[in-house]
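S.K.:
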Amino acid sequence: MTFSNTSFWTLKVLVVLVLCFSCSSEKDKESSNLDPADCLYNAPVAIFQQVQDSLQNYTFERLGDYKTSESFELESEQVEIIQSGCDQISQEFRFQTNSELEIVDYASDIFNRFSALDPSLFALNQFANEFQRQGELIKTGQKIQFSEIIYLKMDETPIGESRIIRILMTSEKN
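According to the working numbering, the stretch in the sequence shown is residues 24 to 197, in order.
And the structure:
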């Protein structure tokens, strides 16, 4: 049995999401008010903690059961990542940028930069490649089925001379 190109990318994107949510410790689950046995996914964990020395103003905090916030600066780009999940997972990447790149090109560029920070983050370049591959399908403000189990929505909001770019990846359609 051979995989099609789409199945190959779907599998890679799934692996990245699973890695991001499956690396939490049992202690994280025990401290939660939720019964971990009732959840499909582990509590989210920091994605960039291992490379925080390469980042400026790095912070990671738990916002509640199965919800985290991670923020930092990378080469003058403000980055915030909100992750949540128990039965439905969500990863929201927010960027404050002065970049003039189109939104899909910006997303591809920043995820490639993420992946270059450390070999453990190399899988993030698969998102960058997939953004480019599906670039014509991605419309600002519209949710699309990005893979078999991931839905994607990108939008942007101007703020003076800069803009906020938001990339939302969820396991649910709505």
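All residues carry an ideal CB built from backbone N, CA and C; glycine is no exception. All of these numbers come straight from a predicted model, not from anything done at the bench.
1) With distances taken between CB atoms, is the gap from Gln75 to Asp141 smaller than 8 Å?
2) Return the Cβ separation of Glu93 and Ala69 in integer angstroms, given the expectation that the two are a contact with Cβ distance under 8 Å.
3) For the putative contact between Arg189 and Arg85, defined by C-beta atoms under 8 Å, what is the C-beta separation to the nearest angstrom?
4) On the criterion of 16 or more Cβ atoms from any shown chain inside 10 Å, does Ser77 qualify as buried, or is it exposed?
5) I need the boundaries of the beta strand (DSSP E) containing Tyr174, first residue and last residue.
6) Which residues in the same chain as Asp132 place their Cβ atom closer than 7 Å to its Cβ, once the five residues preceding and following it in sequence are excluded?
M.R.: Inspection of the coordinates gives the following:
1) At least 8 Å separates the beta-carbon of Gln75 from that of Asp141.
2) Confirmed, about 5 Å.
3) Rounded to whole angstroms, the Cβ separation of Arg189 and Arg85 is 22 Å, and the two are not in contact under 8 Å.
4) Residue environment analysis places Ser77 among the exposed positions, since fewer than 16 neighbouring C-beta atoms fall within 10 angstroms of its C-beta.
5) Run containing Tyr174: 174-182, per the beta strand (DSSP E) assignment.
6) Cβ within range, chain order: Leu124.
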